[in-house]
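Q:
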């Protein structure tokens, strides 16, 4: 449910406080998919909660999603799909104090796929995610990644970058990191 909404400079930021059921997160997914350049969503999750996602959250068209977890907050895929797509200039995903698990992509980025976007992870664990190409946990192309206190464990990619795959610009070679 909405806790607060504010508008500044033509941008409306809605803060949501989630309960402990998956239905609460699914309603946020619907909102996020409709994100526009003037819409931002901030989600506050309670401690000791596991959200089982039924589909990918997409942040696009300059939208922004912030998920602030509590102690032991987990976001898990319930099937074979990526957890987050973040695309387009000025689109942002920020995750604080959460664990991502079980994401899968038949291409790039098992948990997070970013193109021309900004992804900020703070106190985040990404584990047991898989990509058939690159970036088992995260794949970024022409994007800004900011990682602080992030643990990437037991993620795999069939070709390279079990943990992180970075796409180059103008034909530059891709870069891969860890597992």
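Residue numbers (the numbering used here): 1 to 179.
Every residue gets a Cβ at the ideal spot worked out from N, C-alpha and C, and that includes glycine.
From 155, 55, 150 and 81, pick the residue whose C-alpha is nearest to that of residue 94; which is it?
A: Here residue 94 corresponds to residue number 94 of the chain shown, with the count starting at 1. Of 155, 55, 150 and 81, the residue nearest in Cα terms is 150.
Q: Are residue 57 and residue 81 touching if we call contact CB-CB under 7 Å?
A: Taking the chain shown and counting its residues from 1, one reaches residue 57 at position 57. Taking the chain shown and counting its residues from 1, one reaches residue 81 at position 81. In this structure, residue 81 does not lie closer than 7 Å to residue 57 by Cβ.
Q: For residue 85, which of helix, strand or coil comes out of DSSP?
A: Walking along the chain shown from the start, residue 85 turns up at place 85. Residue 85 falls in the strand class under three-state DSSP.
Q: Helix, strand or coil, according to DSSP, for residue 120 in the structure here?
A: Position 120 of the chain shown, counting from 1, holds the residue named residue 120. Three-state result, residue 120: strand.
Q: Report yes if the C-beta distance between residue 160 and residue 130 is below 7 Å; otherwise report no.
A: Position 160 of the chain shown, counted from the first residue, corresponds to residue 160. Position 130 of the chain shown, counted from the first residue, corresponds to residue 130. No; because the gap between Cβ atoms is not below 7 Å, this pair is not in contact.
Q: Which complete alpha helix (DSSP H) runs does the segment 129–165 hold, if anything under 4 residues is left out?
A: None, since the segment 129–165 contains no complete alpha helix (DSSP H) of that length.
Q: Name the two residues that bound the continuous beta strand (DSSP E) containing residue 101.
A: By one-based count along the chain shown, residue 101 stands at place 101. Counting along the chain, the beta strand (DSSP E) containing residue 101 begins and ends at 92–101.
Q: Along the chain, where does the beta strand (DSSP E) containing residue 50 start, and where does it finish?
A: Taking the chain shown and counting its residues from 1, one reaches residue 50 at position 50. Per DSSP, residue 50 belongs to the beta strand (DSSP E) from 50–53.
Q: Name the residue from 74, 48 and 115 whose alpha carbon lies nearest to the alpha carbon of residue 62.
A: By 1-based counting over the chain shown, the position of residue 62 is 62. Considering only alpha carbons, the answer is 115.
Q: What's the gap between the Cα of residue 48 and the Cα of residue 74?
A: Position 48 of the chain shown, counted from the start, is the residue given in the question as residue 48. Position 74 of the chain shown, counted from the start, is the residue given in the question as residue 74. Distance between the alpha carbons of residue 48 and residue 74: 8 Å.
Q: Taking the alpha-carbon of residue 88 as reference, which of 154, 60, 119 and 67 has the nearest alpha-carbon?
A: As a position in the chain shown, residue 88 is number 88, starting the count at 1. For residue 88, the nearest C-alpha among the options comes from 60.
Q: Thinking residue 110 and residue 70 are a contact (beta carbons under 8 Å), I'd like their distance in whole angstroms, please.
A: Against the chain shown, residue 110 aligns to sequence position 110. Against the chain shown, residue 70 aligns to sequence position 70. That pair is no contact at about 24 Å.
Q: Classify residue 170 as helix, strand or coil using the three-state DSSP reduction.
A: Looking up residue 170 in the chain shown gives position 170. Low per-residue confidence applies at residue 170: pLDDT is 44, beneath 50, and the placement is therefore not dependable enough to give any value.
Q: For residue 127, which of helix, strand or coil comes out of DSSP?
A: In the chain shown, counting from the first residue as 1, residue 127 sits at position 127. Correct three-state label for residue 127: strand.
Q: On the CB-based measure, 16 or more other CB atoms within 10 Å of its CB, does residue 155 come out buried or exposed?
A: Residue numbering aside, residue 155 sits at position 155 when the chain shown is read from its first letter. Buried, because 16 or more other Cβ atoms sit within 10 Å of the Cβ of residue 155.
Q: Rounded to whole angstroms, what's the CA-CA distance from residue 152 to residue 91? Just pull it up for me.
A: Residue 152 sits at position 152 when you count from the first residue of the chain shown. Residue 91 sits at position 91 when you count from the first residue of the chain shown. When rounded, the distance between both Cα atoms is 23 Å.
Q: Between the Cα of residue 186 and those of 65, 77 and 106, spot the shortest distance and give me the residue it belongs to.
A: Any question about residue 186 goes unanswered here, given that the chain covers just 1 to 179.
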